[in-house]
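Residue numbers (UniProt numbering): 1 to 258.
By construction, the Cβ of each residue, glycine as well, lies at the ideal position given by its N, Cα and C atoms.
The structure appears right after this line, and notes come after that.
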C-alpha cells in the first residue's frame, strides 16, 4: 500500500518564508535609506564650504535639512514600528533641526492597524477560547493603533460596562529588535566618523526601555501599583487609571475596564 501523498499548503509556505525574510528585507530598506541620507549630508558639507556668505550658508543648510526631513519622514512612515517611536523622539523641539521636527511631528498618530482577523487569532490563541465565547460585543475597528499594539472597545459576557482590549501587533517585537540592532550599528559608525557623543549608549537604553513595553503582564502590574498608590494618597484620585482584569491579561493581550 502506497503512503498518502504529501500535501503542501502553498499559501502557508509563502507566509512562513515571508516572516523569515522580513527582518532581512527590513534591514536592507533601512541601510539603503540611511546611507542615502548620510551621503546627502556629506556631499552637502563639501558643497557648502564653497559659499562664503554666512546668510546664504544658513539658507543652504535649511534647504538640506528640509530634503533630509522628507527622506526621514518617508523611511519612518514606510517602515513603521520602531521608526515611528524614533520619529516621536526626534520630532520634538531642541532635539533635531527645526525642519526635521516640523516634518516628523505629524507621524505620531500614523501607526498602521492590524486586521481584525489577525487580532481575533491572537486573542483566541492567548485566551484559549473563541472570541464569541468571551465577549458579547467586540468592535472590529480599533479605537487607536500605536507602534506596539492597538486597542478595541468590547463588552465581556454578562457585563453591562465596556472594556478596552489591548492587543500586540504580531511579530512586532522581532522587527523592532532588528531595527534597534541596525540603529546601534549606525550609531557606532557615526561615533567613529562624525560626532563626539555616545549615541550608542542612548540606543542601548532605548532597547532596554522598549523591551519592557512588550510585556503586558508587567505593564498590568505597574498600572495596579500606580492605581493603589494614587488612591492611598488621594482617596479620590485626580487621575483615572483603568482597572486591570488580571485573569485576562497575557503576554500579548490585556483587558482594562473603561
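At what residues does the beta strand (DSSP E) containing residue 165 begin and finish? Here residue 165 corresponds to residue number 165 of the chain shown, with the count starting at 1. Start and end: 163–168.
First and last residue of the beta strand (DSSP E) that includes residue 156? The sequence position of residue 156 within the chain shown is 156, counting from 1. Note, residue 156: beta strand (DSSP E), 149–156.
Might you give, ordered along the chain, the residues of its own chain that have their beta carbon closer than 8 Å to the beta carbon of residue 249, omitting 5 neighbours on each side? Here residue 249 is taken as the residue at index 249 of the chain shown, counted from 1. 216, 217, 220, 255, listed in sequence order.
Starting from residue 229 and walking both ways along the alpha helix (DSSP H), at which residues does that stretch end? The residue you call residue 229 lines up with position 229 of the chain shown. 216–234 is the extent of the alpha helix (DSSP H) around residue 229.
Measure from the alpha carbon of residue 160 to the alpha carbon of each residue in 137, 94, 143, 173, then state which is nearest. To locate residue 160, count along the chain shown from 1; it is residue 160. Per the Cα distances, 137.
Buried or exposed for residue 193, please, with buried defined as at least 16 other CB atoms from any protein chain shown within 10 angstroms of its CB. Start at 1 with the first residue of the chain shown, and residue 193 comes out as number 193. Burial call: exposed.
Could you tell me the alpha carbon to alpha carbon distance between residue 77 and residue 181, rounded to whole angstroms? On the chain shown, residue 77 is found 77 positions in, with the first residue counted as 1. On the chain shown, residue 181 is found 181 positions in, with the first residue counted as 1. Going from the Cα of residue 77 to the Cα of residue 181 covers about 19 Å.
Can you tell me which residues form a DSSP beta bridge with residue 137? Mapped onto the chain shown, residue 137 falls at position 137. Looking at the DSSP assignment, residue 137 forms a beta bridge with 155.
When 59, 60, 89 are compared against residue 73, the one with the closest alpha-carbon: The residue you call residue 73 lines up with position 73 of the chain shown. Comparing Cα-Cα distances from residue 73 to each of 59, 60, 89, the minimum goes to 89.
Nearest CA to the CA of residue 263: which residue from 234, 226, 251? No statement about residue 263 is possible, as the shown extent of the chain runs from 1 to 258 and does not include it.
Say whether the segment 196–210 touches the segment 34–52, bearing in mind that this needs 3 or more beta-carbon pairs closer than 8 Å, one atom from each stretch. no
When you compare the CB positions of residue 172 and residue 253, do they come within less than 7 Å of one another, or not? Along the chain shown, one-based indexing puts residue 172 at 172. Along the chain shown, one-based indexing puts residue 253 at 253. No; because the gap between Cβ atoms is not below 7 Å, this pair is not in contact.
Assuming contact is defined by CB atoms lying nearer than 7 Å, are residue 85 and residue 147 in contact in what I supplied? If you number the chain shown from 1, residue 85 lands on position 85. If you number the chain shown from 1, residue 147 lands on position 147. Yes, they are a contact pair.
In this structure, how does DSSP classify residue 246 when only helix, strand and coil are distinguished? Locating residue 246 in the chain shown gives position 246, where the first residue counts as 1. Helix.
Through-space distance from residue 82 to residue 35, alpha-carbon basis: Locating residue 35 in the chain shown gives position 35, counting from the first residue. Locating residue 82 in the chain shown gives position 82, counting from the first residue. About 18 Å.
Between residue 175 and residue 22, how many whole angstroms is the CB-CB distance? I'm expecting something under 8 Å. Residue mapping note: residue 175 aligns to position 175 of the chain shown, counting from 1. Residue mapping note: residue 22 aligns to position 22 of the chain shown, counting from 1. 7 Å between Cβ atoms; contact.
Between residue 65 and residue 112, is the Cβ-Cβ spacing less than 7 Å? Position 65 of the chain shown holds residue 65. Position 112 of the chain shown holds residue 112. Not closer than 7 Å, so no.
Which residues share a DSSP beta bridge with residue 144? The residue labelled residue 144 in the question sits at position 144 within the chain shown. DSSP output for residue 144 lists 151 as bridge partner(s).
Could you give the first and the last residue of the continuous alpha helix (DSSP H) run that contains residue 198? Taking the chain shown and counting its residues from 1, one reaches residue 198 at position 198. No alpha helix (DSSP H) holds residue 198; DSSP gives it neither H nor E.
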